[in-house]
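Peer 1:
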Amino acid sequence: MEKEFEHAHQLVDHLFRHESGKLIAVLTRILGTDNIMTAEDVVQEAMTEAVNQWAYKGVPENPAGWLYHVAKFKALNFLRKQRAMLKYSSSVVFQQTMEQVAEPTHEEFFSDTHIADDQLRMMFTCCHPSISADSQIALTLKTLCGFSISEISRAFLTSEDNINKRLVRARSIIRENRVDFEVPEGNNLINRLNAVLETIYLLFSEGYNASFGGDSIRYELCREAIRLTQLIADHPQIKQKSEVWALLALMLLNASRFKARQNNDTELISLEKQDRTLWNSEYIRQGIAYLDRSIEDDQVSKYQILATISAHHCTAKSGQETDWESVLALYETLLQLEQSPIVLLNKAVAVSKVHGINQGLNELKALRFDPLLSNYPHYYSTLAELSCLQPNYQEAIAYFEKAISLSHNEKEKKHLKIRLLHCRSVF
Amino acid sequence: MKEFMLFVKTEGDHLAGLSPQEQQNHVTQIGNYIGKLVKEGKLKGAQPLEISGVLVQGNKGVFKDGPYSESKEVIVGYFHVLANNLSEAVEIAKANPLFQVAKGSIEVRPIKTMEEIN
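Each protein sequence line maps, in turn, to chains A and B. Using the numbering used here, you'd call the opening residue of the first sequence number 1 and step up by one each time. Using the numbering used here, you'd call the opening residue of the second sequence number 1001 and step up by one each time.
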């Protein structure tokens, strides 16, 4: 009896989430992309069955193996039922799959290499260009990361109904377009990989930008984005890894500051005022190591430049000691690759550090008709902060008020209101 | 120490709605719960039961053939535990992590021993 229960305390962090992601990928390969929903249901059932057992027997020595075992048999049952319905089906592939899975010695479907292959395939399927970005992220989180609908809706501050709609849409697009469960080849691979990395970066940014270190669910989004990129980086089928490493570097370097961005009163702390001892030095070390690797093949990417900028911040002893001239030069290079208003906004901040507040403010004000920035609270709060430094408190107050009126994030609003009060008190 | 049977009863598939993260938390709690009972030497045995089975009903050698009406709550498992008294056994039952994630009931029944029969 004792022996049976002795593993009760050895549960791997996120076992269920990550094993669920692996199993859904493997089962989607067996059942086909038009049966993603069934794969999800089968895995959910296997998990429930496991919990039911373990509630009495304790956690087994190899919980993952146990889950695979149950999921495999549940998938087999599903296939048998399907076959009974399609008795005269001529689908050779289907018959072969059936025989392969049914063969008890054919365990390779669940071997580590096959699981890694299937997870990669799943990423390309979820991030298929025919699916909208919103739905790509929702489906990735649901299938690969084992997030529940309610968790996804909390992370994106939207209703469960809304997330469910996105999932339904994504699955039906995959069915209608007969999206293959394959990693593309040749030139196609480069384009599709870009799309996958883009989605992962979006996922990371959702977690990073809107959260300000608040809800733990948002930190999880960042961790998952890093984990998925790591899976790609570790996979032998992806040969050109420069951009993958650069993205990994960027996310690790940014994530290193995650927990220093707010104090106990859940008040936001700007980069310059953060306690740098709270930064995760292990993430910084890993981030810089990946950045070094990404430089090896002389390819310049957006992620690489952003990661280098982040590395400058991570390695500076203080806000003042940051190498702003290099940061400014990097933003200028980035603008050659991508003319984005957000980059222009960040560049203007660097300009203010290198060439003085007035010049930075002038560059910022020149952007005021940009359709994106003119509704972006961070644009006005940046204007406000620079106006404070000038100091022109009257303008700063107006900009803070505008930023507050545009912000939808309670923590951000609170932070801006504190800054506004400060301005009023010195004005 | 006295022996008790704790019969766990739930309605339907009571854990079906848990997300992977909730399952993880639940299993961690289960691990702690069972681990503690084992460490204190209070767990004699425990088994989950299949939800369906057969009810044998008889009266003086005459068996009633099914179908029997399934009550909404069914026994889904049992714990065979040792406790000093009924109230301690009740505490063990209340500590079952099941109650934190789902609706259910546990029937606590002391096992009859020779001395009580005598």
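For glycine and all other residues, C-beta sits at the position ideal for the given N, C-alpha and C.
(1) Thinking just about the alpha-carbon of each residue, which of 320(A), 353(A), 317(A), 341(A) is nearest to the one in residue 329(A)?
(2) Should the stretch 1104-1116 of chain B be regarded as contacting the stretch 1047-1056 of chain B, the criterion being three or more beta carbon pairs within less than 8 Å?
(3) Can you tell which of 261(A), 19(A), 285(A) has the C-alpha that lies nearest to the C-alpha of residue 278(A)?
(4) Excluding the five sequence neighbours on either side, which residues of its own chain have a C-beta within less than 7 Å of the C-beta of residue 1(A), listed in chain order?
(5) Thinking residue 245(A) and residue 255(A) are a contact (beta carbons under 8 Å), I'd like their distance in whole angstroms, please.
(6) Mind the definition here: the stretch 392-410 of chain A touches the stretch 370-380 of chain A only if three or more C-beta pairs lie below 8 Å; say whether that holds.
(7) Return the residues of the stretch 11-22 of chain A that lie within a Cβ-Cβ distance of less than 7 Å from chain B, sorted by chain order.
(8) Please identify, using Cβ separations under 7 Å, the residues of the stretch 119-149 of chain A that lie next to chain B, in order along the chain.
(9) Name the one or two DSSP bridge partners that residue 1106(B) has.
(10) Decide if residue 371(A) is buried, meaning its Cβ has at least 16 other Cβ atoms within 10 Å, or exposed.
(11) Could you round the C-beta distance between residue 1082(B) and residue 1044(B) to whole angstroms and report it? I think they count as a contact, below 8 Å.
(12) Is there at least one Cβ from chain A nearer than 8 Å to residue 1026(B)'s Cβ?
(13) Using a Cβ-Cβ distance under 8 Å, would residue 55(A) count as near chain B?
(14) Nearest to residue 1041(B) by CA position, among 1086(B), 1001(B), 1016(B), is which residue?
(15) To the nearest whole angstrom, what separates the beta carbons of residue 75(A) and residue 31(A), a pair I think is in contact under 8 Å?
(16) Is there a Cβ of chain A sitting closer than 8 Å to that of residue 1111(B), yes or no?
(17) Using 8 Å as the threshold, is the stretch 158-176 of chain A in touch with the stretch 184-202 of chain A, meaning 3 or more CB pairs across them?
(18) Comparing the C-beta of residue 207(A) with each C-beta of chain B, is any distance below 8 Å?
(19) Locate the beta strand (DSSP E) running through residue 1039(B), then write down its first and last residues.
(20) Which residue's Cα is closest to the Cα of residue 292(A): 344(A), 307(A), 365(A)?
(21) Roughly how many whole angstroms lie between the Cα atoms of residue 1074(B) and residue 37(A)?
(22) Is there at least one Cβ from chain B nearer than 8 Å to residue 32(A)'s Cβ?
(23) Tell me which residues share the same chain as residue 1030(B) and place their Cβ nearer than 8 Å to its Cβ, disregarding the 5 neighbours each side in the sequence.
(24) Out of 337(A), 382(A), 424(A), which has the shortest C-alpha to C-alpha gap to residue 393(A)?
(25) Closest Cβ-Cβ distance between residue 409(A) and chain B: below 8 Å?
(26) Any beta-carbon of chain C closer than 8 Å to the one on residue 1083(B)?
Peer 2: So, from the listed chains and residues:
(1) 353(A)
(2) no
(3) 261(A)
(4) At residue 1(A) the pLDDT is 45, less than 50, meaning the model places this residue with poor confidence; the figure from the coordinates comes in the next sentence. Closer than 7 Å at the Cβ level, and outside the excluded window around residue 1(A), lies no residue.
(5) About 15 Å separates the two Cβ atoms, so there is no contact after all.
(6) yes
(7) 11, 14, 15, 16, 17, 20
(8) 146, 148
(9) 1008(B)
(10) exposed
(11) 6 Å
(12) yes
(13) yes
(14) 1001(B)
(15) 7 Å
(16) The beta-carbon of residue 1111(B) is placed no less than 8 Å from the nearest beta-carbon of chain A.
(17) no
(18) Residue contact with chain B for residue 207(A): absent (no Cβ-Cβ distance below 8 Å to any residue of chain B).
(19) No beta strand (DSSP E) holds residue 1039(B); the alpha helix (DSSP H) holding it covers 1020-1039.
(20) 307(A)
(21) 30 Å
(22) no
(23) 1097
(24) 424(A)
(25) no
(26) Going by chain labels, chain C is absent from the structure shown, which instead holds the protein chains A and B.
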